[in-house]
Each structure stands twice: as C-alpha cells, then as structure tokens.
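Following our numbering, the numbering of the sequence shown begins with -12 at its first residue and continues without gaps.
Note that beta-carbon positions come from the ideal geometry of N, C-alpha and C, so glycine has one too.
All values derive from a computational prediction rather than experimental measurement.
Read the structure below first, then the notes.
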Amino acid sequence: KSAVREFAEEDLIPEEETLVVVTRGGYIKRVKPESYRVQKRGGRGLIGMETKEEDVVEHLVSANTHSDLLFFTSTGKVFQVKAYEIPEASRISKGKAIFNFLSLGQNETIMSVLAAPKERRKGERGLDFLVMVTKDGVIKKIEGSAFRDVRRSGLIALTLKTGDALRWVKLTSGTNEIILVTKLGQAIRFSEKDVRAMGRQAAGVHAMRLKKNDEVVGMDVITEPGANLLVMMANGYGKKTPLKQYKRQRRGGSGIKTAKVTPKTGHVVVTHVLTEPESQIVAISQRGQVIRTELSAIPTLGRATQGVRIMRLDESDALASITTF
C-alpha cells in the first residue's frame, strides 16, 4: 500500500507542450498549442477569448505541463504554480480567476509570467539569469536558480522603493544587451554585464537616469543586433528604427532620443524589439478598440522622429498595449 502512495500525482500527468494564457481581466487558462497555431497565430497570442467584454490576452507563455510557472507581480513578489495545476480550456473559454491560484494583494497585478529555466546538464548553454526592471529605472539581475523553490504564499523577488513598481522580468544568458525606453522618448542600450547578479532581497541598481515626470515604458533583451525597435505612442503614432542607430552606452546614463514626443503623438506607451518571424501587430486602445496590421506597413524611420499614424483614436481614447506575432 505505501508503495502505491508514494506515486506522486505528477507521475500520472503526461508531459506535453501547453500554452498558458493570462488575461488583463485577471483570468488564467491552459490551451493546446494547436488551438492558436491553426489560425496562424504566432508566439505572442491574440485576442483568443470571445467573452462578452473581449478580455484581452496580456501574457501568453509556452511551457511543458510539468514546468514551474513563475508569476512576477507589480509589488516585486514572485509566485510559483505547476503548469498542470491550471485547468485546460478551449480557446474561446474565459478560464478561471487567477486569485484561485495566487494570493494576490489588492491592486497587485501580474507583470510577467515565465516558465522556470530547467535544470541543465553541465556544458549546456541556456538562459541562466532573470533581469527585472522597474518603472523608475531600477534594474536587478538574479540567477534563475534563486527561484527553484517558491513557497505557495510567494517570495520577495525585488525590494521596491515607495511609489515604484516592477514592470518587466526577462530571461537572459548573462551576455545579452538590454534596451530601455521612457515615456518622454529617451532610450538607453547597455550590456547586461554592467549589472552584477544579486540576492533575492536586494533592491537593484540604477539602469537609467530619468528626468522629472519621466518613467520607463519599455524594456527588451537584444538577441539579434540587426533587429528593429518598434515604438508606439499614446495617440496611435508608431515607427520602427534599426537598433544599430542606438550605440551601446554604460548603464546609468540618461540615454539618447528615440522618438520626438509632441502633443500630436502623445507620449511613448510601449516599445518592443522585433525579431523573426514576427510579422503582425495587434494594437489595443484603452476603450477596447482593436486594430490588426502588418508590421511591414509601419515605416522604418530614424531615432528622433515622430512616426506616422498607425491607429485612429477618439480624443478621449489612447493606445493601451500591443501584441506582436
């Protein structure tokens, strides 16, 4: 009898690829990868839920059913859930409320979802570090192994100053470059080697010097130096600029201009380093207006330019977020 009891529940769950979807409305579900692939929808998802209010997909993560999923929140905490614990659902179902799985505080939101890096055999290359960036331009690098065992109630991943919020967490190799972009149109590109790895409780270091009333609105890891940086502004303006126009600087500077921010364009809302095979963009406004267009339709322009109108918006509306795939 005891031998039977030693069988973990996990042993009965087949190991297979799965997609984990988290929506802006706070719902989570797992879907079979084919349910998105059939529609030629690539790695970053789309509006895959036909709920009445068209809940928007905020995070879409490819994982194995046995993966540990790490959920990083705006308050600097991290939670861990096994992928198989999230119920599988159809592409058009709403999913389950996320607080069934994570004990989030009031006003605490999920900023990033990652499948934990797997244990690697000696000599294998992989993604060894997590890099976190806050809206006030603080950066912290931590070894992936620091999150091997996250208790149910969560752990502190980053100690934040009052008023700051964790916005991005990305996996890096230890030798990548990082680019940050601010609301007022500044950008800085530096080597992640400028940021030493720290312990879990540490507060991080300054990635960028910000002007008054400015904040970081975009962070990405550069893996292909020949790629373009997509910059989208509040009033629906956007452009692409080759990364080679952003020279590498030291961490902690004020950066260089990446966009001409004017009352016509509105401030920078979101930026993204475009990598193959991304070819389409879905832009979503604060009032839920959605457009889908080819990335090739967005012009490639210099750094200090204002871009062109990608999306027509009412005066009371503004761009909220984008998804590329």
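- Between the beta-carbon of Leu142 and that of Val65 there is about 5 Å, and that keeps the pair under the 8 Å contact cut.
- Contact check for His193 and Gly239: beta-carbon distance about 5 Å, within the 8 Å limit, so the pair qualifies.
- Under the DSSP definition of a beta bridge, Met195 lacks any partner.
- According to the DSSP secondary-structure assignment, Arg296 is paired through a beta bridge with Tyr224.
- Cβ neighbours of Val156 within its own chain (closer than 6 Å, five residues either side excluded): Phe59, Ser99, Leu117, Met119.
- Look at the beta carbons and you see the stretch 69 to 76 touching the stretch 1 to 12: at least three pairs across the two are nearer than 8 Å.
- In the three-state scheme derived from DSSP, where H, G and I count as helix and E and B as strand, Phe86 is classed as helix.
- Leu282 carries a helical assignment under DSSP once its states are collapsed to helix, strand and coil.
- With the rule of 3 Cβ pairs closer than 8 Å, the stretch 128 to 135 does not count as touching the stretch 195 to 208.
- Residue environment: Gln93 is assigned as exposed (fewer than 16 neighbouring CB atoms within 10 Å of its CB, all protein chains considered).
- Cβ atoms of Ala102 and Ala174 stay farther apart than 8 Å, at about 29 Å.
- A contact is defined here as three or more CB-CB pairs under 8 Å, and the stretch 183 to 202 fails this definition with respect to the stretch 283 to 297.
- When secondary structure is reduced to three states using DSSP, Tyr71 falls in the helix class.
- In chain order, Thr121, Lys122, Asp123, Val125 place their CB closer than 8 Å to the CB of Asp151, counting only its own chain and leaving out the 5 sequence neighbours on each side.
- For Thr10, the uninterrupted beta strand (DSSP E) run begins and ends at 4 to 10, by DSSP.
- Met298 places its beta carbon 9 Å or farther from that of Ser266.
- When DSSP states are grouped into helix, strand and coil, Phe312 belongs to the coil group.
- Between Tyr224 and Val295, the gap from beta carbon to beta carbon is short of 9 Å.
- In the DSSP assignment, Gly150 falls outside any beta strand (DSSP E) and carries neither an H nor an E.
- Straight across, the Cα-Cα distance linking Gln67 with Asp(-2) is about 19 Å.
- Between the alpha carbons of Lys16 and Pro1 lies a gap of roughly 18 Å.
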